[in-house]
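Just so you know, the sequence shown maps onto residues 1 to 168 in full-length UniProt numbering.
From the three backbone atoms N, C-alpha and C, an ideal C-beta is built for every residue, glycine too.
Heads up: the structure comes next, in structure tokens.
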Amino acid sequence: MLRQWLRDRMPSQDTLRQHRILALFGERLLDPDYWCCNRHSAAVAVAAGLFAAWMPLPMHTLVAIGLAVQFRGYLPLAIAMVWVNNPLTLAPMFYFAYRLGARLLDTPELVFNGSLEQEALAMAIPLLTGTLLMGLSCALLGWIITRLGWRWKVQLAWKLRREKRREQ
Numbered sequence: 001m002l003r004q005w006l007r008d009r010m011p012s013q014d015t016l017r018q019h020r021i022l023a024l025f026g027e028r029l030l031d032p033d034y035w036c037c038n039r040h041s042a043a044v045a046v047a048a049g050l051f052a053a054w055m056p057l058p059m060h061t062l063v064a065i066g067l068a069v070q071f072r073g074y075l076p077l078a079i080a081m082v083w084v085n086n087p088l089t090l091a092p093m094f095y096f097a098y099r100l101g102a103r104l105l106d107t108p109e110l111v112f113n114g115s116l117e118q119e120a121l122a123m124a125i126p127l128l129t130g131t132l133l134m135g136l137s138c139a140l141l142g143w144i145i146t147r148l149g150w151r152w153k154v155q156l157a158w159k160l161r162r163e164k165r166r167e168q
């Protein structure tokens, strides 16, 4: 049911070809492998989306699409996973990443009282360190959980089939 709902809402290949920003990826984006969900492509998509969500860059979706294309992930899921980072979660995520980066680099936390440019530069290295670490760790954790969850789902289906055969 979810697959059918997604399939009905997916843009056509002609629509994707005509999209100006997606033209960066060329015809490669239209490869059917990127639009078919399996264990590998779902795990890669989750990892790509979570990694891109932690990056303090604009256009997270393009980063997720680029990573999913590079590692052959399921594009709709990669795009959906980027939305872990939304206007409500953005500030807490980046604040946590900054605190983590400052602690790892053993730098004192900033107290804002001077020029905004100087403070932004002083904050950049700890923020980038924290977001990179959190992006990599969330991507790895998402990849592992997706692989294990998929395996559990398949094993459960096999078990139910065996039980159904025994009852017959």
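Does the Cβ of residue i have 16 or more other Cβ atoms within 10 Å, making it buried, or fewer, making it exposed?
{"i": "Ile65", "result": "buried"}
{"i": "Trp143", "result": "buried"}
{"i": "Ile21", "result": "exposed"}
{"i": "residue 178", "result": "Nothing can be reported for residue 178, as the shown portion of the chain is limited to 1 through 168."}
{"i": "Ser41", "result": "buried"}
{"i": "Tyr95", "result": "exposed"}
{"i": "Asn85", "result": "buried"}
{"i": "Ala23", "result": "exposed"}
{"i": "Leu29", "result": "buried"}
{"i": "Leu75", "result": "buried"}
{"i": "Leu88", "result": "exposed"}
{"i": "Val154", "result": "exposed"}
{"i": "Met93", "result": "buried"}
{"i": "Ala102", "result": "buried"}
{"i": "Leu90", "result": "exposed"}
{"i": "Leu67", "result": "buried"}
Tell me the residue span of the alpha helix (DSSP H) that contains residue i.
{"i": "Met55", "result": "Note, Met55: premise wrong, no alpha helix (DSSP H); not H, not E."}
{"i": "Gly101", "result": "Leu90 to Leu105"}
Assuming residue i and residue j are in contact, meaning their beta carbons sit under 8 angstroms apart, how far apart are those beta carbons, in whole angstroms?
{"i": "Leu127", "j": "Ala97", "result": "6 angstroms"}
{"i": "Ala120", "j": "Leu50", "result": "Incorrect: roughly 26 angstroms between the Cβ atoms, too far for contact."}
{"i": "Phe71", "j": "Ala48", "result": "7 angstroms"}
{"i": "Thr146", "j": "Val46", "result": "5 angstroms"}
{"i": "Arg39", "j": "Trp150", "result": "4 angstroms"}
{"i": "Leu110", "j": "Ala122", "result": "6 angstroms"}
{"i": "residue 216", "j": "Gly135", "result": "Shown here, the chain extends from 1 to 168; a query on residue 216 therefore has no answer."}
{"i": "Val63", "j": "Tyr34", "result": "At roughly 16 angstroms, the Cβ-Cβ gap does not stay under 8 angstroms, so Val63 and Tyr34 are not in contact."}
{"i": "Leu100", "j": "Leu133", "result": "6 angstroms"}
{"i": "Val44", "j": "Gly73", "result": "3 angstroms"}
Let me know the secondary structure DSSP gives residue i once reduced to three states.
{"i": "Arg72", "result": "coil"}
{"i": "Cys138", "result": "helix"}
{"i": "Leu110", "result": "coil"}
{"i": "Met123", "result": "helix"}
{"i": "Pro32", "result": "helix"}
{"i": "His19", "result": "coil"}
{"i": "Gln168", "result": "coil"}
{"i": "Val46", "result": "helix"}
{"i": "Val84", "result": "coil"}
Measuring only between beta-carbons, confirm whether residue i sits less than 9 angstroms from chain D.
{"i": "Trp158", "result": "Although the question refers to chain D, the structure presented lacks it and comprises just one protein chain."}
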